[in-house]
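Some notes on the structure that comes next.
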Amino acid sequence: MSSKFDIAGENWKRNPSPSMSPQQKDWLTRRGSLTWHLQLMGHVTLEVLSECMVPADSDQNGCLAVPLRASLWMREVMLLVEGNPMVVAHSVTPLQDSRSIWKAMRRLHTRPLADILYFDRAVERSMLVNRLLFQGHRLYRCAMKYGRDPNLRSRLWARRSVFIRHGAPLLVTEAFLPRFWRSLYLRDREYYER
């Protein structure tokens, strides 16, 4: 993985906070496809929230090694388990790469990004980093708008990594809604009460 992509960027941490629960640490560092892992909880569907061109912000420009305000192609989605929104995610790549090396992301429709990331040997993945997202972050605003979660207040735990294919970066950021953590807690409690 090239060192020119600054995945840690603004306030992203390589290791989860010691104050996190074991479940939080596990899900924020779990490798492989998040969609596949969510299938352990039930039937997963994906809603596409937005696909459009956006300018690179001060955090994305370091991750993607592009100038500030460079044109990016963005895809925002909601992952639902048994019809309940659990995760909001967005993927961004330089606009020119979305028309060439990463053009498959424009044709996914309601299929998960995992369909093009985990079957291509040319794709490398950076380490995962994590942080709390607050109200100013685009993905937090997306969660507020589409998350349908009354317990969403001031922050969301999120993780991200960069996928590289033939030198072209694709930044994937995934934020877990409070409903996700509650669902895990209730499932574990039910298991231990048996």
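Per full-length UniProt numbering: the sequence shown = residues 1 to 194.
Beta carbons: idealized from backbone N, C-alpha and C, even for Gly.
All of these numbers come straight from a predicted model, not from anything done at the bench.
Assuming residue i and residue j are in contact, meaning their beta carbons sit under 8 Å apart, how far apart are those beta carbons, in whole angstroms?
{"i": "residue 77", "j": "residue 176", "result": "Not quite, the Cβ-Cβ distance comes to about 14 Å (not below 8 Å), so this is no contact."}
{"i": "residue 156", "j": "residue 171", "result": "17 Å between Cβ atoms; not a contact."}
{"i": "residue 114", "j": "residue 33", "result": "4 Å"}
Use the C-beta contact count for residue i: other C-beta atoms within 10 angstroms, 16 or more gives buried, fewer gives exposed.
{"i": "residue 11", "result": "exposed"}
{"i": "residue 67", "result": "exposed"}
{"i": "residue 120", "result": "exposed"}
{"i": "residue 150", "result": "exposed"}
{"i": "residue 48", "result": "exposed"}
{"i": "residue 91", "result": "buried"}
Name the two residues that bound the continuous beta strand (DSSP E) containing residue i.
{"i": "residue 164", "result": "156-165"}
{"i": "residue 73", "result": "71-81"}
{"i": "residue 90", "result": "84-94"}
{"i": "residue 55", "result": "44-55"}
Short of 6 Å in beta carbon distance, which residues of its chain neighbour residue i, apart from the five on each side in sequence? Order them along the chain.
{"i": "residue 55", "result": "69"}
{"i": "residue 97", "result": "168"}
{"i": "residue 125", "result": "161, 163"}
{"i": "residue 104", "result": "116"}
Leaving out five residues before and five after residue i in sequence, what residues of the same chain have Cβ atoms less than 7 Å from its Cβ?
{"i": "residue 4", "result": "65"}
Would you mind working out which of the options sits nearest residue i, comparing C-alpha positions?
{"i": "residue 9", "options": "120, 99, 60", "result": "60"}
{"i": "residue 101", "options": "141, 156, 90, 163", "result": "163"}
{"i": "residue 178", "options": "166, 148, 165", "result": "148"}
Within the same chain, show all residues whose beta-carbon is closer than 8 Å to that of residue i, passing over the 5 residues directly before and after it, in chain order.
{"i": "residue 187", "result": "41"}
{"i": "residue 200", "result": "Here the chain has residues from 1 to 194 only, and residue 200 is not among them."}
{"i": "residue 183", "result": "41, 81, 84, 86"}
{"i": "residue 38", "result": "44, 79, 81, 86, 87"}
Which two residues bound the contiguous alpha helix (DSSP H) that contains residue i?
{"i": "residue 139", "result": "138-146"}
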